[in-house]
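Chains as they are written, first to last, in the numbering used here: chain A, 1 to 260; chain B, 1 to 339. Quick notes on the structure that follows.
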Ligand SMILES: Nc1ncnc2c1ncn2[C@@H]1O[C@H](COP(=O)(O)OP(=O)(O)OP(=O)(O)O)[C@@H](O)[C@H]1O
Ligand SMILES: [Mg+2]
């Protein structure tokens, strides 16, 4: 089975174009192995390097040190085997939903005429009536569903998601979380998703990677052994959430004052 | 109950009044056309005595021309009674058509009936129309010549602008060279270069094409570049994650994504192109409608000169309208009223 990710001693420093500015150490020595078919979430405060890590895995950016392997192959450029869903603005505005998917298939050289794949995907995303709509005619949730099925159309072994639900309201979010789980359990591909939402991470992931700011390092990896579908109200869910918040320094049961 | 009934009656009344007003507005162009004919044929002329340059002569050409319009609007009004779409279009257009005909009427009255403009510099509509008809083959030939210069120059300049703009938008190195030049040329009005242009030994025709292409390429380059620079990073990266090639990235992503900006550049470029065409034709090219206009001015044949101005302005309006039509179609994926 494909979809293994090995991150070995990876670091990334951004050297600003202006010489008077200091270089930004976005990532320092990251080591992580993700097994095929795993669902891993990355949480961490803003600016801790989550997006940078994901972009390195996607091949959109090159590490300064260390290597990333996907299924034993060194990552040095983007590949349709590693799909990516962004927070927003990733649908091609000038193409309708169907043509967006055709674009992805053609770019990945997987386009076949008279293929039922696109219709099946549209059906699954509940977008059949909107197949010929442009991005501006869709709601935020529809747009993200369309971006999801567009990425899945080329059947990537690895799907990278950078806060795909970050711009959505909480109801749309929850229904899309279920949708993502459903897609993942059908396809059994590797999922690596960044989120700001601890509940979302506990609801979705097999494992949660916690990153800390400034250092650009992984500080904790938390296993979530609950079976799917998960119950957001269960005590196990609550205790896992508390545990995570503690790792993120946000659970302060013993302190009276807010840390302002 | 009574209240409701009253309200209903009031509504019905309001609706009625409104639809009557709408019908009157739709019929206004016919009314004004009739007025033009009546005034032209009926009111006494007070125009100054004939000059050696222009024979004062009044024919029914103008009346016939306006009469044709009156008939056209009459038929349209009849159709509008039965077809919703025709009615809507007429309703929308009627005010502006009315204003245009009122302007015709005012001009006619000012020249012929009140004689407030010095002759022979302000020929009346009938004279202009006759000049256009009698010299129509020459006018058409000149128009064709002008259009060929305009379109060839425009296509070369627009194409060059898009290529330069996309290159400058995608490659920092190219931007370093292209942007300063584009900014320099966009600050200098196109007329400035004409005296130098005259010495370039490539013939009148190519010189005019070159001037237009230069004028068009500058705004298209700048606006295309800005459009490419403004493409969201995630749009480009999404395309990259599908493994898209370099060439496809240009024509399948960069160009369509920046199309709104490109069209703004093309619209600005059309303005420059029209200006450049007139300059070129009035300063050297021995053919074309600008040349025709200038020549008739030299012969003191003012009616024909006005005719050329009418043809020229309508042509410029038409090419811009065509461009706008293409833009509307190409940008159908975009929301907004600025289209
Ligand atoms: N292209 C870039 N050039 C310079 N610095 C960058 C670049 N991309 C990211 N950085 C810097 O790297 C650090 C990590 O950024 P990154 O986007 O990975 O954070 P993040 O964890 O995704 O934050 P958020 O949760 O807000 O999205 C930040 O300090 C950011 O300023
Ligand atoms: Mg981020």
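Cβ coordinates follow ideal geometry from the N, Cα and C atoms, glycine included. On a predicted model such as this, the values are computed, not experimentally measured, just so you know.
Are the CB atoms of residue j and residue i within a distance shorter than 9 Å?
i                     : j                     : result
residue 219 (chain B) : residue 269 (chain B) : yes
residue 71 (chain A)  : residue 157 (chain A) : yes
residue 205 (chain B) : residue 285 (chain B) : yes
residue 215 (chain B) : residue 265 (chain B) : no
residue 244 (chain A) : residue 43 (chain A)  : yes
residue 195 (chain A) : residue 236 (chain A) : no
residue 62 (chain B)  : residue 95 (chain A)  : no
residue 161 (chain A) : residue 192 (chain A) : yes
residue 150 (chain B) : residue 322 (chain B) : no
residue 224 (chain B) : residue 92 (chain A)  : no
residue 75 (chain B)  : residue 156 (chain B) : no
residue 78 (chain A)  : residue 240 (chain B) : yes
residue 184 (chain A) : residue 39 (chain A)  : yes
residue 296 (chain B) : residue 308 (chain B) : yes
residue 80 (chain A)  : residue 190 (chain A) : no
residue 27 (chain A)  : residue 56 (chain A)  : yes
residue 311 (chain B) : residue 132 (chain B) : yes
residue 50 (chain A)  : residue 211 (chain A) : yes
residue 226 (chain A) : residue 240 (chain A) : yes
residue 120 (chain B) : residue 300 (chain B) : yes
residue 166 (chain A) : residue 220 (chain A) : no
residue 289 (chain B) : residue 146 (chain B) : yes
residue 216 (chain A) : residue 21 (chain A)  : no
residue 292 (chain B) : residue 139 (chain B) : yes
residue 222 (chain B) : residue 186 (chain B) : yes
residue 65 (chain B)  : residue 129 (chain B) : yes
residue 244 (chain B) : residue 166 (chain B) : no
residue 174 (chain B) : residue 182 (chain B) : no
residue 150 (chain A) : residue 101 (chain A) : yes
residue 112 (chain A) : residue 69 (chain A)  : no
residue 152 (chain B) : residue 211 (chain B) : no
Across which residues does DSSP place residue i in a beta bridge pair?
i                     : result
residue 84 (chain A)  : A:160
residue 13 (chain A)  : A:25
residue 220 (chain A) : A:210
residue 70 (chain A)  : A:5 and A:73
residue 39 (chain A)  : A:191
residue 65 (chain A)  : A:11
residue 33 (chain A)  : A:6
residue 44 (chain A)  : A:211
Considering Cα atoms alone, identify which of the options is closest to residue i.
i                     : options                       : result
residue 104 (chain B) : B:34, B:23, B:193 and B:257   : B:34
residue 104 (chain A) : A:153, A:17 and A:56          : A:153
residue 41 (chain B)  : B:298, B:179, B:166 and B:113 : B:113
residue 9 (chain A)   : A:62, A:1, A:198 and A:67     : A:67
residue 132 (chain A) : A:99, A:91 and A:242          : A:99
residue 82 (chain A)  : B:224, B:242, B:100 and B:169 : B:242
residue 191 (chain B) : B:281, B:110, B:237 and B:244 : B:281
residue 80 (chain B)  : B:24, B:163 and B:110         : B:24
residue 181 (chain A) : A:90, A:155 and A:228         : A:228
residue 199 (chain A) : A:188, A:137, A:224 and A:213 : A:224
residue 107 (chain B) : B:182, B:255, B:317 and B:122 : B:122
residue 65 (chain A)  : A:119, A:7 and A:47           : A:7
residue 22 (chain B)  : B:92, B:279 and B:275         : B:92
residue 89 (chain B)  : B:100, B:101, B:73 and B:102  : B:73
residue 137 (chain B) : B:184, B:177, B:324 and B:304 : B:304
residue 313 (chain B) : B:330, B:95, B:169 and B:277  : B:277
residue 261 (chain A) : A:138, A:106, A:111 and A:145 : This structure leaves residue 261 (chain A) out entirely; chain A is present only between 1 and 260.
residue 255 (chain B) : B:17, B:170 and B:28          : B:170
Proximal residues, the segment 45-68 of chain A versus chain B, C-beta separation under 9 Å: Of all residues in the segment 45-68 of chain A, 55, 58, 59 and 60 have a Cβ within less than 9 Å of some Cβ in chain B.
In the segment 74-88 of chain A, which residues sit with their C-beta less than 8 Å from some C-beta in chain B, listed in chain order? Those residues of the segment 74-88 of chain A that come within reach of chain B (Cβ to Cβ, closer than 8 Å) are 78, 79, 80, 82, 83, 84, 86, 87 and 88.
Within the structure, which residues are defined as neighbours of ligand 1 by a Cβ-heavy atom distance below 5 Å, reported in chain order? Every residue with a CB closer than 5 Å to a heavy atom of ligand 1 is listed here in chain order: A:14, A:24, A:26, A:46, A:47, A:48, A:49, A:50, A:51 and A:52.
Selection of the segment 253-271 of chain B by Cβ proximity to chain A, strictly under 8 Å: Near chain A, meaning a CB-to-CB distance below 8 Å, the residues of the segment 253-271 of chain B are 253, 256, 257 and 259.
Which of the residues in the segment 93-106 of chain A, read from start to end, lie with their CB under 9 Å from any CB of chain B? So the list reads 93, 94, 95, 96, 103, 104, 105 and 106, given in the order they occur along the chain.
Listed in chain order, which residues of the segment 148-169 of chain A have Cβ atoms closer than 7 Å to some Cβ of chain B? So the list reads 154, given in the order they occur along the chain.
For the segment 127-139 of chain A, enumerate the residues whose C-beta is nearer than 7 Å to any C-beta of chain B, in chain order. Answer set for the segment 127-139 of chain A: 134 and 136.
Output, in sequence order along the chain, the residues in the segment 17-36 of chain A whose CB is closer than 8 Å to any CB in chain B. Near chain B, meaning a CB-to-CB distance below 8 Å, no residue of the segment 17-36 of chain A qualifies.
Along the segment 136-169 of chain B, where does the CB come closer than 7 Å to a CB of chain A? Name the residues. If the cut-off is 7 Å between Cβ atoms, the segment 136-169 of chain B has nothing near chain A.
Between the segment 290-318 of chain B and chain A, which residues of the former have CB atoms less than 8 Å from a CB of the latter, in chain order? Identification of residues in the segment 290-318 of chain B having a C-beta nearer than 8 Å to some C-beta of chain A yields an empty set.
If contact means a Cβ-Cβ distance below 8 Å, which residues of the segment 220-253 of chain A contact chain B? The segment 220-253 of chain A vs chain B, Cβ under 8 Å: nothing.
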